[in-house]
Structure formats: C-alpha cells, structure tokens
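The block underneath contains the structure these notes are about, expressed in structure tokens.
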Amino acid sequence: VEPDARMADLARSRGLPVEVATFETWQPRGRTFDLVVAAQSWHWVDPVAGAEKAAELLRPSGRFAIFGHVYEPPAALAEPLAAALRRVAPDSPLSGQPARRPLSLYEAGYEKFAATLRATGR
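For any residue, its number in our numbering is found by taking its place in the sequence shown, counting from 1, and adding 24.
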C-alpha cells in the first residue's frame, strides 16, 4: 500500500505488487494478514484510524511491526552537523543540543504508537 502513485510505479517496476491508497483508506477486500509492516512510515498515518485498520487486517496470531532508523551520526560528525543545522535550519529537531539524540526519545515515540494499538483492544 503506497499513497504516492509515482512511488507505486517505481515499486511496480521492480516487480512488487502495489495498491495506491493511504493506509487508512485502503480497502483490503476481505484479506487478512499474518504480518503488517510499517517501515519508516507510521508517523504519516493517523494514529487512531491506522491502529484500527492494522487490528482489522491481522489474523488472530498476526504481528504488526513498526520500525524506523535511529538517527545518530558518528560522534565526529554529530556536533559539526548540529552547528550547521542551527545556522540554516534552526527549527530542525536535529539542530538542538545534544547533537546525538538519546534512544529514550525514540522509545517514547514508539511507546505512544504501541499504546494507541493496545487501545484498539485487539
């Protein structure tokens, strides 16, 4: 499921089957799945509607995997990058101090996703 037709075309050119829609509006036509994956994308999905949709799609023993990268540049690059971002993009979340974001910030975000999913009761 891909909301951007151009990205869907690119995926299709690589032999992948793609349906163009946002996750929340996509119609599964009765299909259910053992696994639903959101890679680098769940932050674009409405948390309540997305959680409900994921719960509907999963078979009873199914799993839902949300993952993304943890942005943490090498120590030698972290502060120079943060300094440059402070000059050109002071509102960037990557321009603050410390330049290296602790894993706890990412964990808190993913815990929020998990809480929304648990709230579906499924």
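All C-beta atoms in this analysis are idealised placements derived from N, C-alpha and C, irrespective of residue type, glycine included.
Buried or exposed: which applies to residue 91, given that a residue is buried once 16 or more other Cβ atoms fall within 10 Å of its Cβ?
Numbered from 1 along the sequence shown, position 67 holds the residue referred to as residue 91. When all chains shown are included, residue 91 counts as exposed.
Between residue 164 and residue 133, what straight-line distance do the alpha-carbon atoms span, to the nearest angstrom?
Since the first and last residues shown for the chain are 25 and 146, residue 164 lies out of range.
Between the segment 38-57 and the segment 72-79, do at least 3 Cβ pairs fall closer than 8 angstroms?
With the cut-off at 8 angstroms, the segment 38-57 and the segment 72-79 touch.
Check for me: the beta strand (DSSP E) holding residue 33 runs from which residue to which?
Taking the sequence shown and counting its residues from 1, the one referred to as residue 33 is at position 9. No beta strand (DSSP E) holds residue 33; the alpha helix (DSSP H) holding it covers 29-37.
May I ask you to verify whether the segment 77-84 touches the segment 55-69, counting CB pairs closer than 8 angstroms and requiring at least 3?
Yes, they touch.
May I ask you to report which of helix, strand or coil DSSP gives residue 80?
What you label residue 80 is simply residue 56 of the sequence shown in a count that begins at 1. Collapsing the DSSP output to three states places residue 80 in a helix.
Straight-line gap, residue 128 to residue 116 (C-alpha atoms, nearest Å):
Residue 128 sits at position 104 when you count from the first residue of the sequence shown. Residue 116 sits at position 92 when you count from the first residue of the sequence shown. So the two alpha carbons sit approximately 19 angstroms from each other.
Is residue 26 buried or exposed, if buried means 16 or more other CB atoms sit within 10 Å of its CB?
If you number the sequence shown from 1, residue 26 lands on position 2. Sixteen is the threshold: when 16 or more other Cβ atoms of the shown chains lie within 10 Å of the Cβ of residue 26, as they do, the residue is buried.
What does the Cβ neighbour count give for residue 68, buried or exposed, with the cut at 16 atoms within 10 Å?
As a first step, residue 68 is located in the sequence shown; it is residue number 44 there, counting from the start. If you draw a 10 Å sphere on the C-beta of residue 68, you find fewer than 16 other C-beta atoms in it, and that means exposed.
Per DSSP, the bridge partner or partners of residue 44:
Indexing the sequence shown from 1 puts residue 44 at position 20. Paired residue(s): 26.
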